[in-house]
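Chains A and B, in that order, are what the protein sequence lines are. Just so we're on the same page, our numbering is the position in the first sequence counted from 1, plus 829. So that you can map any letter, position 159 of the second sequence is 148 in our numbering, and since no number is skipped, the others follow by simple counting. Heads up, the beta-carbon is just placed ideally off N, CA and C, and yes, glycines get one too. Presented below is the structure to which this report refers.
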Amino acid sequence: MSATALLSLERITKRFGGLTAVREVSVEVRAGDLLGIIGPNGAGKTTLFNVIAGYYRADEGRVVFDGHDVTGRPAHAIAGLGLTRTFQIVKPFGNLSVLDNVMIGALTRLASTREARAEAERVIAVCGLGPHAVARARALPLGLRKRLEVARALATRPRLLLLDEVMAGLNPTELGGMIDLVRRLHADGLTLIVIEHIMAAMMRLAQRIVMLHHGEKIAEGTPREIASDRRVIDAYLGEEFVLAEA
Amino acid sequence: MARALARHWGALVIFGAAALIPIVVRDAYFLDSLVLILLWGALSAAWNVAGGYAGQVSIGHASFFGIGAYSAALLGARWQQSPWLGMLVGIALSLAAGAAIGYLSNRLKGPYFALSTIAFSQVLLIVASRWRAFTSGSEGIPVPFRPGFATLGLGHVAWVYLALAVAVLYWGVQVWLEHSRFGYRLAGVREDEDAAQALGIPARRLKVIAVTASAALTSVCGTLWAQYVGFVDPFYVFSVDLSVRFALNTIIGGMGTALGPFLGSILITSLETYLRATLSGVKSGFTGIYLIVYGVVLILVVRFVPDGLAGVAGRLRARRARAHA
Chain A
830 MSATALLSLE RITKRFGGLT AVREVSVEVR AGDLLGIIGP NGAGKTTLFN
880 VIAGYYRADE GRVVFDGHDV TGRPAHAIAG LGLTRTFQIV KPFGNLSVLD
930 NVMIGALTRL ASTREARAEA ERVIAVCGLG PHAVARARAL PLGLRKRLEV
980 ARALATRPRL LLLDEVMAGL NPTELGGMID LVRRLHADGL TLIVIEHIMA
1030 AMMRLAQRIV MLHHGEKIAE GTPREIASDR RVIDAYLGEE FVLAEA
Chain B
-10 MARALARHWG ALVIFGAAAL IPIVVRDAYF LDSLVLILLW GALSAAWNVA
40 GGYAGQVSIG HASFFGIGAY SAALLGARWQ QSPWLGMLVG IALSLAAGAA
90 IGYLSNRLKG PYFALSTIAF SQVLLIVASR WRAFTSGSEG IPVPFRPGFA
140 TLGLGHVAWV YLALAVAVLY WGVQVWLEHS RFGYRLAGVR EDEDAAQALG
190 IPARRLKVIA VTASAALTSV CGTLWAQYVG FVDPFYVFSV DLSVRFALNT
240 IIGGMGTALG PFLGSILITS LETYLRATLS GVKSGFTGIY LIVYGVVLIL
290 VVRFVPDGLA GVAGRLRARR ARAHA
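Put into structure tokens, the structure is as follows:
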């Protein structure tokens, strides 16, 4: 483990009964990285997130965040250290307003509701949710609910943010907006791990990409290296992608 | 200040009216209804802390009501102690019971949590009705009337103000829940536990705290009720009917709203009092018809105003705000 790693996954294995969802995956993320995770459905991407964020306990291996061994710690404790995540299937606080949703995130670091409200308003503006601040979360269309998911996590002022398919299901305009948002957050110094199926977005965003297949890490490298990796092409991208890129 | 008034005018009207009524009305029957409305309202507010604000819907809150009622009645009957001491003992026991239930049923959600609370109240019912040597069993315990504030032997007017004080206090607890850091985070837990944890909220701990506090608040009213009515019957104080009533008042009035439990109590308690008086006379043969009316009211509310009566007020306000915008 290098001294500068913000997060290191050391040979993580997670089994469900006879199925090994994640097998001996090791990944290092340094502060300021934007790491992409790709892989076909069922490759273990979300399972890996659940292990990192404390929703599942790893059967083997260690998760070290910022020098703390957080393996097996509860999710709220890990989030308290500054590692938070969004959910692939969004989980808004449906009956509350957008502002209240984000305020609850802000209250993780702030004791006063007044300060948390101001912070939430700031984050809402950054995420482009300003016009919807008073709307009930459950009334939002999917594109905005994905943004809310990001805004709420951001309000906790994380040092590492795990984004689980925040771009899936967005229309082209929304997708462009989300890519811009993630870029801006990264430019502001946030460290991110992003799961995404949309390769075009991933190629533009990520500095490094990890490819999972059947729970194993089969490739890691820059987007260009990944796109030309024979194993990745065979398992995931297909020949058409290579031709289109070329 | 003006904004607080604008937001809480409903509470001001209700509690203000309750404070003024004893000055002009001396009719014991009417004042009795008022005490019950306030007590049932406070009890529903106590239930709301767990059911409405934390999303832990209990159908066993009679457990804590009964603990409060029995604590004071037994301490008074067996050891001639003040009901105030009984109230404190009830609070302590309910805190312990609430924490235990909250902790043990922590992983249970929705109907499973509700079922576990029913089970607990039934266990207490069996203990209270069978342990004759200590609780007098199914005969129940009479609470003798001894005049004075220390013994809670009060007249109707004094009872109105005591019940009012408790009602306002519980209302204040709920308002605090709507504006405090704890309350916001608890709302997050209620809405989605996984998402709350991702934000660093210790969801399980918050739920246990809410259920425990709710239990203690319920117990206080159990003590007061027993002293007011003057008799503790295990089949009443530990009954599912009673637990359902706390939930029903709150659902009809509006779950997770500060005023809802009181609105529900006003509607249901006065309806019941009126129907019992007019329809359940021996001659009319309509005994128990108020239960049918209950059911109809509940169906209508759930069908047409699922947010409860307080929700209707909120919707009207939103419409007015939109019209102004």
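Alpha-carbon spacing of residue i relative to residue j, whole angstroms
i, j, result
"residue 165 of chain B", "residue 1028 of chain A", "48 Å"
"residue 52 of chain B", "residue 230 of chain B", "12 Å"
"residue 1075 of chain A", "residue 996 of chain A", "Confidence is the limiting factor: at residue 1075 of chain A the pLDDT is only 49, short of 50, which leaves the residue's position unreliable and the question unanswerable from this model."
"residue 865 of chain A", "residue 1033 of chain A", "11 Å"
"residue 939 of chain A", "residue 908 of chain A", "14 Å"
"residue 26 of chain B", "residue 152 of chain B", "9 Å"
"residue 224 of chain B", "residue 10 of chain B", "33 Å"
"residue 836 of chain A", "residue 899 of chain A", "10 Å"
"residue 127 of chain B", "residue 120 of chain B", "9 Å"
"residue -7 of chain B", "residue 298 of chain B", "20 Å"
"residue 944 of chain A", "residue 930 of chain A", "15 Å"
"residue 19 of chain B", "residue 920 of chain A", "49 Å"
"residue 253 of chain B", "residue 167 of chain B", "19 Å"
"residue 876 of chain A", "residue 5 of chain B", "56 Å"
C-beta neighbour in chain A for residue i, strict 7 Å
i, result
"residue 190 of chain B", "yes"
"residue 184 of chain B", "yes"
"residue 181 of chain B", "yes"
"residue 187 of chain B", "yes"
"residue 177 of chain B", "yes"
"residue 118 of chain B", "no"
Residue-level contact to chain B via CB, residue i, 7 Å cutoff
i, result
"residue 845 of chain A", "no"
"residue 933 of chain A", "yes"
"residue 975 of chain A", "no"
"residue 989 of chain A", "no"
"residue 923 of chain A", "yes"
"residue 1046 of chain A", "no"
"residue 961 of chain A", "no"
"residue 942 of chain A", "yes"
"residue 830 of chain A", "With a pLDDT of 45 at residue 830 of chain A, under the threshold of 50, the modelled position of this residue cannot be trusted; read the value that follows with caution. Not closer than 7 Å to any Cβ of chain B, the Cβ of residue 830 of chain A fails to qualify, so no."
"residue 836 of chain A", "no"
"residue 909 of chain A", "yes"
"residue 936 of chain A", "yes"
"residue 951 of chain A", "no"
"residue 913 of chain A", "yes"
"residue 1042 of chain A", "no"
Residue burial classification, residue i (beta-carbon count within 10 angstroms, cutoff 16)
i, result
"residue 29 of chain B", "buried"
"residue 216 of chain B", "buried"
"residue 953 of chain A", "buried"
"residue 169 of chain B", "exposed"
"residue 831 of chain A", "Here the model assigns residue 831 of chain A a pLDDT of 48, short of 50, so the residue's position is not dependable and the matter cannot be decided."
"residue 774 of chain A", "Shown here, chain A extends from 830 to 1075; a query on residue 774 of chain A therefore has no answer."
"residue 185 of chain B", "buried"
"residue 160 of chain B", "buried"
"residue 163 of chain B", "buried"
"residue 117 of chain B", "buried"
"residue 285 of chain B", "exposed"
"residue 981 of chain A", "buried"
"residue 1037 of chain A", "buried"
"residue 2 of chain B", "exposed"
"residue 1052 of chain A", "buried"
"residue 1054 of chain A", "exposed"
"residue 873 of chain A", "buried"
"residue 174 of chain B", "buried"
"residue 37 of chain B", "buried"
What residues from the segment 888 to 902 of chain A come within 9 Å of chain B, judged by C-beta to C-beta, listed N to C? none
Taking one C-beta from the segment 1045 to 1059 of chain A and one from the segment 886 to 899 of chain A each time, how about it: are there three or more such pairs within less than 8 Å? no
Would the segment 978 to 989 of chain A count as touching the segment 1013 to 1024 of chain A if we require 3 or more Cβ pairs under 8 Å? yes
Against chain B: residues of the segment 855 to 876 of chain A by CB proximity under 8 Å: If you check each beta-carbon in the segment 855 to 876 of chain A against every beta-carbon of chain B, none falls closer than 8 Å.
I'd like to know if the segment 86 to 104 of chain B and the segment 193 to 210 of chain B are in contact, where contact means that at least 3 CB-CB pairs between them fall below 8 Å. yes
Listed in chain order, which residues of the segment 148 to 175 of chain B have Cβ atoms closer than 8 Å to some Cβ of chain A? 168, 169, 170, 173 and 174
For the segment 251 to 265 of chain B against the segment 171 to 179 of chain B, are there 3 or more C-beta pairs whose distance is under 8 Å? In short, these stretches do not touch, since the Cβ pair count stays below three.
Can you list, in chain order, the residues of the segment 75 to 103 of chain B whose Cβ is nearer than 8 Å to any Cβ on chain A? none
What are the residues of the segment 280 to 299 of chain B that lie near chain A, defined by any Cβ-Cβ distance shorter than 8 Å? If you check each beta-carbon in the segment 280 to 299 of chain B against every beta-carbon of chain A, none falls closer than 8 Å.
Contact between the segment 139 to 153 of chain B and the segment 209 to 228 of chain B: three or more CB pairs below 8 Å? yes
Do three or more CB pairs link the segment 186 to 194 of chain B to the segment 0 to 19 of chain B at distances below 8 Å? no
Should the segment 106 to 115 of chain B be called in touch with the segment 47 to 64 of chain B, which here means at least 3 C-beta pairs below 8 Å? yes
For the segment 278 to 295 of chain B and the segment 69 to 80 of chain B, state whether three or more C-beta atom pairs, one from each stretch, are separated by less than 8 Å. With the cut-off at 8 Å, the segment 278 to 295 of chain B and the segment 69 to 80 of chain B do not touch.
Counting Cβ pairs closer than 8 Å, one from the segment 920 to 940 of chain A and one from the segment 877 to 893 of chain A, do we hit at least three? no
Is there contact here, the segment 1007 to 1015 of chain A with the segment 971 to 984 of chain A, by at least three beta-carbon pairs under 8 Å? yes
Stretch pair the segment 126 to 140 of chain B + the segment 233 to 247 of chain B: three plus CB contacts closer than 8 Å: no
Under 8 Å, with one C-beta from each stretch per pair, do the segment 102 to 111 of chain B and the segment 39 to 53 of chain B reach the 3-pair mark? Output reads yes: the segment 39 to 53 of chain B touches the segment 102 to 111 of chain B.
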